[in-house]
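Asks: First the structure, then my questions, so here it is.
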Amino acid sequence: HRSQGLNSNSLTLMRHCLNNLMDKPDGQELVSLLVSIQSVVKNIGAAVRRAGISRLFGAEGSVNVQGEEQQKLDIIANQTFINYLGNSFATCLLVSEEMDNVVEVENEKQGSFIVCFDPLDGSNNIDCLASIGSIFAIYKRKTPKGTAPSLEDVLQPGRQLVAAGYALYGSALMMVLSTGNGVNGFIMDPSIGEFVLTKPNITMNQTIRRQYSVNESYRNSWDPKIQKYIDTKKQGDEPIPQRYIGTFIADFHRTLMYGGIFLYPNNAASPKGKLRLLYECNPASFIIEQAGGRGTNGQEDVLDIQPLTIHDRTQVFLGSKHEIEDLHTCLNQ
Ligand code: AHG
Ligand code: MN
Ligand code: MN
Ligand code: MN
123 HRSQGLNSNS LTLMRHCLNN LMDKPDGQEL VSLLVSIQSV VKNIGAAVRR AGISRLFGAE
183 GSVNVQGEEQ QKLDIIANQT FINYLGNSFA TCLLVSEEMD NVVEVENEKQ GSFIVCFDPL
243 DGSNNIDCLA SIGSIFAIYK RKTPKGTAPS LEDVLQPGRQ LVAAGYALYG SALMMVLSTG
303 NGVNGFIMDP SIGEFVLTKP NITMNQTIRR QYSVNESYRN SWDPKIQKYI DTKKQGDEPI
363 PQRYIGTFIA DFHRTLMYGG IFLYPNNAAS PKGKLRLLYE CNPASFIIEQ AGGRGTNGQE
423 DVLDIQPLTI HDRTQVFLGS KHEIEDLHTC LNQ
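Residue numbers (the working numbering): 123 to 455.
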């Protein structure tokens, strides 16, 4: 009779990483990087849970490079990422939505990896307690160790990613991670303070017309072909559900779990797309491909896009293979 509650044999995120990464080149360094990221997520999760009590809601009073009003939790989450990753001895360059330029780790603490991250995704949803998240994407440096890391180490297409993942601060605290061999989901078990594997080898539901996720308020300024594609979702006696939380990674996670498609098309307010390539679209596309889905900008796979600047934006469509094929049919008409 297994004693309830004592999850002595649950597979923790740490053990999962050790089991799967130690035989890889730089495996040890990648494991220690992921352990640092796990600590970042635990800290941000605690701040998010405490925000109402510790008066961490609301705006900081500053504007970031995106032209967005920074929330207090944006700043706290950003600082947490930079402090932990900068002291992990596993990173050399850091890219954050909240930092104008690339952050270079101090020399004697530099390691092999570059991390691009959205420290707090869904800032507009903080004060109303809707799900929010953190997103990260990990590259290995291309320039030789011992030389100064450079922008070429950062502006790599998503196809070069070593790992990517996200945290969801939702009804439970969850981490979803891929290191290139499938996608796994871990839920925080507060009784032991560990992330435990609850969703091994996540694969997308491929049936079509499951649900779609898009902010329809921008409809009038979409490409007419996209207007038509969305209309097909409403036609017939079986219109399919539309869901939109307004936190990218929460809308993405629901799409990964239930199937369907997420869209953020170009619109009048964001003519080149709103979502950022390096720390929103690439990690999501890396993960969804590992789960049997696809991520495209309408012309090419997101992972094949060559970044030009660290805050590039792109139009993005993320969904099951069939839904993306259906979209491409509409776009190519
Ligand atoms: P962030 O909070 O990290 O700046 O991201 C905001 C993004 C994303 O979370 C969400 O999908 C999108 O903004 C919502 O944009 P709209 O309000 O235009 O739909
Ligand atoms: Mn933002
Ligand atoms: Mn975001
Ligand atoms: Mn953000």
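Here a beta-carbon is modelled for each residue, glycine too, at the ideal position from N, C-alpha and C.
#1: Could you tell me how far apart the beta carbons of residue 440 and residue 407 are, in whole angstroms, since I believe they sit closer than 8 angstroms?
#2: Residue 292: which of 283, 327, 426 and 256 sits nearest, CA to CA?
#3: Determine whether the beta carbon atoms of residue 245 and residue 154 lie at a separation below 8 angstroms.
#4: Using a Cβ-Cβ cut-off of 8 angstroms (strictly less than) and excluding sequence neighbours within five positions of residue 361, which residues of its own chain qualify?
#5: Whose beta carbon lies closer than 6 angstroms to any heavy atom of ligand 3, going through the chain in order?
#6: On a CA-only basis, which of 263, 342 and 430 is nearest residue 398? Give me that one, please.
#7: So, is residue 150 buried or exposed, given that buried needs 16 or more other C-beta atoms within 10 angstroms?
#8: For the alpha helix (DSSP H) that contains residue 240, what are its first and last residues?
#9: Quick one: give me the first and last residue of the beta strand (DSSP E) that residue 330 is part of.
#10: Can you list every residue whose CB sits closer than 7 angstroms to some heavy atom of ligand 2, going in chain order?
#11: When you measure from the CB of residue 337 to every non-hydrogen atom of ligand 1, does any distance come out below 7 angstroms?
#12: Are the Cβ atoms of residue 435 and residue 395 separated by less than 8 angstroms?
#13: Are the region 250 to 270 and the region 287 to 307 in contact at 8 angstroms, needing three or more beta carbon pairs?
#14: What do you get for residue 391, buried or exposed, if any count of 16 or more other CB atoms within 10 angstroms of its CB means buried?
#15: By alpha-carbon positions, which one of 432, 300 and 339 ends up nearest to residue 240?
#16: Identify, in the order they occur along the chain, each residue of the same chain with its Cβ nearer than 7 angstroms to the Cβ of residue 413, setting aside the five sequence neighbours on each side.
#17: Does the distance from the C-beta atom of residue 220 to that of residue 249 stay below 8 angstroms?
#18: Measuring CB to CB, does residue 262 end up less than 8 angstroms from residue 237?
#19: First and last residue of the alpha helix (DSSP H) that includes residue 374?
#20: Are the CB atoms of residue 235 and residue 213 within a distance shorter than 8 angstroms?
#21: Going along the chain, which residues of its own chain have a beta-carbon closer than 6 angstroms to the beta-carbon of residue 442, five neighbours each way excluded?
#22: What number of angstroms, rounded off, separates the C-alpha of residue 142 from the C-alpha of residue 409?
#23: Residues in its own chain within less than 7 angstroms of residue 123 by CB, not counting five upstream and five downstream?
#24: With which residues is residue 309 paired in a DSSP beta bridge?
#25: Hey, how far is the Cα of residue 199 from the Cα of residue 227?
#26: Within a Cβ cutoff of 7 angstroms, which residues of the same chain sit near residue 343, ignoring the five residues on either side of it in sequence?
#27: Classify residue 152 as buried or exposed, calling it buried when 16 or more other Cβ atoms lie within 10 Å of its own Cβ.
#28: Regarding residue 395 and ligand 1, is the C-beta to nearest heavy atom distance less than 7 angstroms?
#29: For residue 405, count neighbouring C-beta atoms within 10 Å of its own C-beta (all shown protein chains included) and say buried if the count is 16 or more, exposed if not.
#30: Relative to the C-alpha of residue 247, which residue among 384, 192, 274 and 272 is closest?
#31: Run through DSSP, which three-state label would residue 386 get?
#32: Is residue 275 near ligand 1 - that is, is its Cβ less than 7 angstroms away from at least one heavy atom of it?
#33: Any heavy atom of ligand 1 inside 7 angstroms of the beta-carbon of residue 373?
#34: Applying the 10 Å Cβ sphere with the 16-neighbour rule, what's the burial state of residue 282?
#35: Could you please give the first and the last residue of the uninterrupted beta strand (DSSP E) stretch that includes residue 254?
#36: Can you give me the C-alpha to C-alpha distance between residue 336 and residue 156, rounded to a whole angstrom?
Replies: Reading it off the structure:
#1: 7 angstroms
#2: 256
#3: no
#4: 355
#5: 240, 243, 370 and 402
#6: 430
#7: exposed
#8: No alpha helix (DSSP H) contains residue 240, which is instead part of the beta strand (DSSP E) from 235 to 243.
#9: It is not in any beta strand (DSSP E) - residue 330 carries neither H nor E in the DSSP assignment.
#10: 186, 188, 190, 196, 219 and 245
#11: yes
#12: yes
#13: yes
#14: exposed
#15: 432
#16: 305, 324, 325, 326 and 378
#17: no
#18: no
#19: 370 to 380
#20: yes
#21: 326, 328, 381 and 415
#22: 17 angstroms
#23: Since pLDDT at residue 123 reaches only 46, below the 50 mark, its modelled position is unreliable, and the value read off the structure follows with that caveat. Cβ within range, chain order: n/a, list empty.
#24: 296 and 318
#25: 18 angstroms
#26: 389 and 390
#27: buried
#28: no
#29: buried
#30: 192
#31: strand
#32: no
#33: yes
#34: exposed
#35: 254 to 262
#36: 31 angstroms
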